[in-house]
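Residues -29 to -1, 1 to 418 (mature numbering (1 follows the signal peptide of the UniProt record, and there is no 0)) are what the sequence shown spells out, left to right. Heads up, the beta-carbon is just placed ideally off N, CA and C, and yes, glycines get one too. Heads up, the thing below is written out as structure tokens.
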Amino acid sequence: MTRPAATPNRIASPKALAASALLLSQLLAGCQSLQIFQQPEPETIVWNSKAEDVAIHEFSLSPGQNMVGDLASITSAENDTLSDIGRHYGLGFNDIANANAGVDPWTLTAGQNVLLPLSFILPDAPRKGIVLNLANMRMFYYPKNAANSVLTYPVGIGRQGWHTPLGQTQIVAKKANPDWTVPASIQREHQAQGTPLPKVVRSGPDNPLGDYAMPLGFSGYLIHGTNKPYGIGMQVSHGCVQLYPEDIETLFGKVDIGTPVNIVHQPYLAAWRDDMLYLEAHPPLDKWDKQKKQLQKDIRKKLQQLAVAKGAEVDWGKIDRVLQRADGIATPVLAGSPDLAELKANAIPLARPEQLYGQPIPSELSDSDWAILAAIFDNETDAQKLAAMLNHQGPPIPARKIAKDGNYQVVVGPLKNRKEVKSVAQRIKQNFDMDVTTLAPRQPAKN
């Protein structure tokens, strides 16, 4: 049973919470460790659907095929977030957030319709080994022994000032349970932030490389897992390519040393499918933002060429709208083709599984636990948002909202002891600029 919390005399500022939301990628770059969650096992996941099953990662390819997958949708449950739904269905944060514009990613309500953009136009690159498109933060792997298939995974990439490099390279090694030798530049960065790192981080839950790493021919760059999975689909790394833990495990078992890796930046993609011409648009990364007009000019030219080759006519107004949306939803752009509303209406409806893969579920609090009162809000939405953001930090901080005395409290815990309380309080102060209240155990723990 969750215990009631003490009530200090303060109400949290929604402005502070909104500012904190903009810093999510920084929250996911923390180095501390805190794992007090009920973690569902993969085999408990239920994949039943209302209509039919949809492919998520692996797709068959026929000659000349340049687009795979289908749009789908799911109805949310209470306490779901776009991050949880996205991870379960093989989507990064950028995929699912951009496709559901106007939806608060942290405060979904029960019964809310969520679009799953599970259709992908393949990058314009040789189908050999791994092709990584930085613009949509997605990897495509063409197995050497299965020329008629492609596997695709969302990735996290380098943030501003630490860009993931373009070009052709290869996998030069494979390491399970890797240690991380911290580069001097990253050591200096953390030292300046007041979060110093050791020279070597041993394998385990505190290691940002996760359980598997594959160094590239580009010196200092790797494809690896992560201990902060909710940064996938964001620019959060120091240039390396990160995958969900479950995805890197699969890829690690399939990829050989020497596999070629081609890193491209293609925000605008076009393809024919079933006599319909599609355009998929993403925002160019900041590094290429000045080239946006030229990139759009190039894709318009390509669409015109593709249409003329088949005697078809494009709808230039629709093309402009797709480029303006830049939401990653592959949309038909021929004259008279279905619009976005029709695409959404025809998305395959999937039944929500009993448990979303990896969804954080804080353990119950008891009177013998240490805890923190993080904030009090006068509305439930802001309280739910803060609790969700804490639960999805890297590493996560277990939090829940509790209704009390006409307000909504955000309570963090259970925590092990006063030392852990202090550590978590420092993280909340640093990342959210919030002062918190310690909730000491009300009774001693039972032996």
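Please give the ranges of any beta strand (DSSP E) in the stretch 128 to 202, keeping only runs that are unbroken, at least 3 residues long and fully inside the region.
138 to 141, 183 to 186, 193 to 195
In or out: residue 84 buried (at least 16 other Cβ within 10 Å) or exposed?
Residue 84 sits at position 113 when you count from the first residue of the sequence shown. It is exposed - the Cβ of residue 84 has fewer than 16 other Cβ atoms within 10 Å.
Looking only at its chain, what residues have a beta carbon closer than 8 Å to the beta carbon of residue 167, apart from the 5 residues adjacent to it on each side?
As a first step, residue 167 is located in the sequence shown; it is residue number 196 there, counting from the start. Closer than 8 Å at Cβ, skipping near neighbours: 158, 161.
So does the stretch 36 to 48 actually touch the stretch 238 to 258, counting three or more Cβ pairs closer than 8 Å?
yes
For residue 410, count the other beta carbons within 10 Å of its own beta carbon; 16 or more makes it buried, fewer makes it exposed. Which is it?
Taking the first residue of the sequence shown as position 1, residue 410 is located at position 439. Classification of residue 410: buried, given that the 10 Å Cβ count is 16 or more.
So within the stretch 365 to 416, which uninterrupted alpha helix (DSSP H) runs reach at least 4 residues, ignoring any that extend past its ends?
389 to 403
Does residue 33 come out as helix, strand or coil in the three-state DSSP assignment?
Your numbering for residue 33 matches position 62 in the sequence shown. Residue state, collapsed to three classes: coil.
Would you say residue 154 and residue 63 are within 8 Å of each other, going by their C-beta atoms?
Taking the sequence shown and counting its residues from 1, one reaches residue 154 at position 183. Taking the sequence shown and counting its residues from 1, one reaches residue 63 at position 92. No. Outside cutoff.
Should residue 129 go down as buried or exposed, given a rule of 16 or more other Cβ atoms within 10 Å for buried?
Along the sequence shown, read from residue 1 onward, the residue named residue 129 stands at position 158. Residue 129 is buried by the Cβ-count criterion.
For a minimum of 4 consecutive residues, which ranges assigned as the alpha helix (DSSP H) are wholly contained in the stretch 207 to 288?
216 to 225, 263 to 280
Could you spell out where the alpha helix (DSSP H) holding residue 57 opens and where it closes?
Walking along the sequence shown from the start, residue 57 turns up at place 86. That run of the alpha helix (DSSP H) goes 53 to 59.
Could one say the Cβ of residue 351 lies closer than 8 Å to chain C's Cβ atoms, at least one of them?
The displayed structure is made up of one protein chain only, and chain C is not part of it.
Where residue 297 falls: helix, strand or coil (DSSP):
One-based indexing of the sequence shown puts residue 297 at position 326. Of the three classes helix, strand and coil, the one that applies to residue 297 here is coil, per DSSP.
Quick one: using the 10 Å Cβ neighbour count with 16 as the cut-off for buried, is residue 92 buried or exposed?
Numbered from 1 along the sequence shown, position 121 holds the residue referred to as residue 92. Under this definition residue 92 is a buried residue.
Is residue 104 helix, strand or coil when you go by DSSP?
For the purposes of this step, residue 104 is taken as residue 133 along the sequence shown, with counting starting at 1. Strand, per DSSP.
Residue from 68, 95, 279, 141 whose Cα sits closest to the Cα of residue 238:
The count along the sequence shown starts at 1 and reaches residue 238 at position 267. Considering only alpha carbons, the answer is 95.
Roughly how many whole angstroms lie between the Cα atoms of residue 60 and residue 276?
Start at 1 with the first residue of the sequence shown, and residue 60 comes out as number 89. Start at 1 with the first residue of the sequence shown, and residue 276 comes out as number 305. Rounded to whole angstroms, residue 60 to residue 276 spans 34 Å at the Cα level.
Would you tell me roughly how many angstroms separate the C-alpha atoms of residue 100 and residue 232, rounded to the nearest one?
For this step, residue 100 is matched to residue 129 along the sequence shown. For this step, residue 232 is matched to residue 261 along the sequence shown. Roughly 6 Å between the two C-alpha positions.
Would you call the CB atoms of residue 331 and residue 199 closer than 8 Å?
As a working note, residue 331 is residue 360 in the sequence shown. As a working note, residue 199 is residue 228 in the sequence shown. Not closer than 8 Å, so no.
Distance CB(residue 87)-CB(residue 47) smaller than 8 Å:
Sequence index remark: in the sequence shown, residue 87 carries index 116 (1-based). Sequence index remark: in the sequence shown, residue 47 carries index 76 (1-based). Cβ distance not < 8 Å, so residue 87 and residue 47 don't count as in contact.
Of the choices 227, 134, 295, 279, whose alpha-carbon is the least far from that of residue 267?
Working through the sequence shown from its first residue, we reach residue 267 at position 296. Of the candidates 227, 134, 295, 279, the one whose C-alpha sits nearest the C-alpha of residue 267 is 295.
DSSP beta-bridge partners for residue 348?
Translated into the one-based positions of the sequence shown, residue 348 becomes position 377. Answer is 379, bridged to residue 348.
Do you know whose CA, among 146, 144, 169, 150, lies nearest residue 156's CA?
Along the sequence shown, one-based indexing puts residue 156 at 185. Measuring from the Cα of residue 156, the nearest candidate turns out to be 169.
Supposed contact pair residue 311 and residue 278 - C-beta distance, whole angstroms, cut 8 Å
As a first step, residue 278 is located in the sequence shown; it is residue number 307 there, counting from the start. As a first step, residue 311 is located in the sequence shown; it is residue number 340 there, counting from the start. Not quite, the Cβ-Cβ distance comes to about 20 Å (not below 8 Å), so this is no contact.
Taking only three categories from DSSP, how would you classify residue 311?
Start at 1 with the first residue of the sequence shown, and residue 311 comes out as number 340. Correct three-state label for residue 311: helix.
For residue 341: DSSP bridge partner residues:
As a first step, residue 341 is located in the sequence shown; it is residue number 370 there, counting from the start. 386.
Would residue 342 and residue 357 qualify as a contact pair, given that the criterion is a beta-carbon distance under 8 Å?
What you label residue 342 is simply residue 371 of the sequence shown in a count that begins at 1. What you label residue 357 is simply residue 386 of the sequence shown in a count that begins at 1. Their beta carbons are not under 8 Å apart, which means residue 342 does not touch residue 357 by this criterion.
Use the C-beta contact count for residue 54: other C-beta atoms within 10 angstroms, 16 or more gives buried, fewer gives exposed.
Reading the sequence shown from its first residue, position 83 is the one you call residue 54. That one is buried.
Alpha-carbon to alpha-carbon, residue 49 and residue 329:
On the sequence shown, position 358 is the one that residue 329 refers to. On the sequence shown, position 78 is the one that residue 49 refers to. In a straight line, the C-alpha of residue 329 is about 16 Å away from that of residue 49.
Residue 309 versus residue 29 - alpha carbon distance:
Taking the first residue of the sequence shown as position 1, residue 309 is located at position 338. Taking the first residue of the sequence shown as position 1, residue 29 is located at position 58. Looking at the two C-alpha atoms, the distance is approximately 26 Å.
How far does the beta strand (DSSP E) with residue 50 in it extend, from its first residue to its last?
Here the question's residue 50 lines up with position 79 in the sequence shown. Neither: residue 50 is in no beta strand (DSSP E) and is coded neither H nor E.
Between which two residues does the alpha helix (DSSP H) holding residue 69 run?
In the sequence shown, residue 69 corresponds to position 98, counting from 1. Unbroken alpha helix (DSSP H) run through residue 69: 64 to 70.
Comparing alpha-carbon positions, which option in 109, 127, 195, 115 lies nearest residue 151?
Numbered from its first residue, the sequence shown carries residue 151 at position 180. It is 195 whose Cα lies nearest to the Cα of residue 151.
Straight-line gap, residue 376 to residue 174 (C-alpha atoms, nearest Å)
For the purposes of this step, residue 376 is identified with residue 405 of the sequence shown, where counting begins at 1. For the purposes of this step, residue 174 is identified with residue 203 of the sequence shown, where counting begins at 1. Each residue's Cα considered, the two are about 46 Å apart.
Residue burial classification, residue 414 (beta-carbon count within 10 angstroms, cutoff 16):
As a working note, residue 414 is residue 443 in the sequence shown. By the neighbour-count rule (16 or more Cβ atoms within 10 Å), residue 414 is not buried but exposed.
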